[in-house]
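Notes for the one structure printed next.
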Amino acid sequence: MMEATSFSFPAKTRDIDKHMKSYNIAVIGGDGTGPEVVRETIKVLNVAAKKFNLKLNYTDYDLGGDRYLRTKEALPDSVLAELRKFPAILLGAIGHPDVQPGILEKGILLRIRFELEQYINLRPVKLYDERFCPLKNKKPEHIDFVVVRENNEGLYTGSGGFTYKGSPHEVALQASISTRPGVERCLRYAFDLTRKRNKEKKLTLCGKTNVLTFAFDLWERAFHEIGQKDYPDIKRDYAHVDATTMWFVKNPEWFDVIVTDNMFGDIITDLGAMVQGGMGIAAGGNINPKGTSMFEPIGGSAPKYTGQGVINPLAAICAGQMMLDFLGETKAAQAIENAVIKITREKIKDLAAGKMGFNTSQVGDLVAGAL
Ligand code: IPM
Ligand code: MN
1260 MMEATSFSFP
1270 AKTRDIDKHM
1280 KSYNIAVIGG
1290 DGTGPEVVRE
1300 TIKVLNVAAK
1310 KFNLKLNYTD
1320 YDLGGDRYLR
1330 TKEALPDSVL
1340 AELRKFPAIL
1350 LGAIGHPDVQ
1360 PGILEKGILL
1370 RIRFELEQYI
1380 NLRPVKLYDE
1390 RFCPLKNKKP
1400 EHIDFVVVRE
1410 NNEGLYTGSG
1420 GFTYKGSPHE
1430 VALQASISTR
1440 PGVERCLRYA
1450 FDLTRKRNKE
1460 KKLTLCGKTN
1470 VLTFAFDLWE
1480 RAFHEIGQKD
1490 YPDIKRDYAH
1500 VDATTMWFVK
1510 NPEWFDVIVT
1520 DNMFGDIITD
1530 LGAMVQGGMG
1540 IAAGGNINPK
1550 GTSMFEPIGG
1560 SAPKYTGQGV
1570 INPLAAICAG
1580 QMMLDFLGET
1590 KAAQAIENAV
1600 IKITREKIKD
1610 LAAGKMGFNT
1620 SQVGDLVAGA
1630 L
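Under our numbering, think of the first position of the sequence shown as 1260, with each following residue one higher.
Now the structure itself:
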């Protein structure tokens, strides 16, 4: 269709091309089922691109356990330098059964998050259909909140070490770093998002001020100072992290936007993922608001399901949706979300791998079709 048109009206088509928005996207399929879910995401993104007149240019990067085992290098500096040039990265999964835990996670995933200053880990928790919620009597209107996880500090900086390693007196120290600028930029992002969402205009700080009296004292002071001065329209709320997990199960409808540190954010968002229906649907964005952001399904590489075509690609597709939203293509992003909602309500039996009633590629086709 496009070709025929361009043949008959070359000048006009050139004009359209000139106005077509074009985005360069780095693609890291990664390990395990990563490449399978990324394939379906690109299928859906291409349909959205056609519909909304966008041009998406993909560049594949071979990173992950296989490359590491082959080359002994997780992420070459030259590749990291190339990744910086993209506005967005689409990531499948990192984690390989033959590589010792920590090497790929720190060497690829965390290195990209840190070096590209993706200081926000954005994780929406949204229930699309009552059937997928493990909680009794909770419906989509009860579960719709966003966790803003600080993504560059806390316990994840690798600060610390061993003394007398291997001896009976061995000491391990793992420090949690909270800097005022690091905390402040994260809080500001969360306040801005709460305002933009315009739902309840409520931001909950999730911390542990009763025990971590240094780190969360800083967080809490910054939270109230910034909130009072620059966001008087946003209600400020606080919950300890342990209580937060309780409320996620008991009263998830209380939350609008939650902001928290790196470690607590890691933990509560796995619970959040379960509440919204599991790893088959949970997506996240590692955001550098002024640089390269990276979008990923938050479940792992699922080695046991690799290559069987049973993994649910919806989480990765939702990550693709978040990516378009980040790029400013809000209409295309909304259309993908609507398609996901429609097929999860009307077609998908279960969000878990192997129980969807369709294989991986058919689920991609369903979303593409619904678009
Ligand atoms: C996540 C993951 C990572 C994290 C791991 C794989 C390093 O659990 O994205 O939540 O802890 O951040
Ligand atoms: Mn995690």
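Heads up, the beta-carbon is just placed ideally off N, CA and C, and yes, glycines get one too. Just so we're clear, the structure is a prediction, and the values are computed from it rather than from any experiment.
Presumed contact (8 Å Cβ cut-off) between GLY1441 and ASN1411, rounded CB distance: That belief holds up - the Cβ atoms of GLY1441 and ASN1411 are roughly 6 Å apart, short of 8 Å.
beta-carbon ASP1525 near the ligand MN non-hydrogen atom, thresh 7 Å: Distances between the C-beta of ASP1525 and the heavy atoms of the ligand MN include at least one below 7 Å.
Proximity of GLY1323 and GLY1361 at Cβ, strictly below 8 Å: No; because the gap between Cβ atoms is not below 8 Å, this pair is not in contact.
Distance between ASN1312 and LYS1302 (C-alpha atoms, nearest Å): If you take the alpha carbons of LYS1302 and ASN1312, they lie about 15 Å apart.
Chain B contact for LEU1368 (CB, 8 Å cutoff): Of the protein chains in this structure there is only one, and it is not chain B.
Any 3 or more C-beta pairs closer than 8 Å across the stretch 1543-1563 and the stretch 1488-1502: No, because fewer than three Cβ pairs between the stretch 1543-1563 and the stretch 1488-1502 fall closer than 8 Å, the two stretches do not touch.
Ranges of the alpha helix (DSSP H) found wholly within the stretch 1399-1479, counting only runs of at least 4: As far as the stretch 1399-1479 is concerned, its whole alpha helix (DSSP H) runs of at least 4 residues are 1439-1456.
Which of helix, strand or coil DSSP assigns to ARG1495: Strand, per DSSP.
Nearest candidate by alpha-carbon position, reference GLN1535, set THR1519, ALA1591, GLY1466 and ALA1611: When only C-alpha atoms are compared, the closest one is ALA1611.
Integer Cβ distance of ILE1527 from THR1300, believed to fall under 8 Å: That pair is no contact at about 25 Å.
Beta bridge counterpart(s) of PRO1385 as assigned by DSSP: Going by the sequence as given, residue 1385 is Lys instead of Pro. Answer is ASP1403, bridged to LYS1385.
Beta-carbon contacts of PHE1475 that lie in its chain and below 6 Å, excluding the five residues immediately before and after: GLY1466, LYS1467 and THR1468, listed in sequence order.
Distance CB(ASP1403)-CB(LYS1385) smaller than 8 Å: When the beta-carbon positions are compared, ASP1403 and LYS1385 come within less than 8 Å of each other.
Reference GLY1420, options GLY1413, SER1426 and VAL1430, closest by Cα: Residue VAL1430 is the option with its Cα nearest to GLY1420.
Beta-carbon proximity of ASN1380 to ASN1547, cut-off 8 Å: Against a cut-off of 8 Å, the Cβ pair of ASN1547 and ASN1380 comes out as no contact.
One or two residues paired with PRO1556 in a DSSP bridge: Partner(s): ALA1542.
Identity of the residue in TYR1387, ARG1298 and ARG1329 nearest THR1318 by Cα: Checked all of TYR1387, ARG1298 and ARG1329; the closest Cα to THR1318 is ARG1298.
Rounded separation between VAL1622 and LEU1573 - CA only: Their Cα atoms are separated by approximately 8 Å.
The ligand MN heavy atom lying under 7 Å from the CB of ASP1529: For the ligand MN, at least one heavy atom lies less than 7 Å from the Cβ of ASP1529.
In chain order, each beta strand (DSSP E) run of at least 3 residues that lies wholly inside the stretch 1596-1628: The DSSP assignment places no complete run of the beta strand (DSSP E) inside the stretch 1596-1628 (cut-off: 3 residues).
Nearest-angstrom Cα separation, counted from GLY1417 out to SER1631: Within the shown structure, residues of the chain are numbered from 1260 to 1630, placing residue 1631 beyond reach of any answer.
GLU1364 beta carbon near the ligand IPM (any heavy atom closer than 7 Å): Set against 7 Å, the gap from the CB of GLU1364 to the closest heavy atom of the ligand IPM is smaller.
Meets three-Cβ-pair contact criterion under 8 Å: the stretch 1389-1398 and the stretch 1364-1378: Touching, no.
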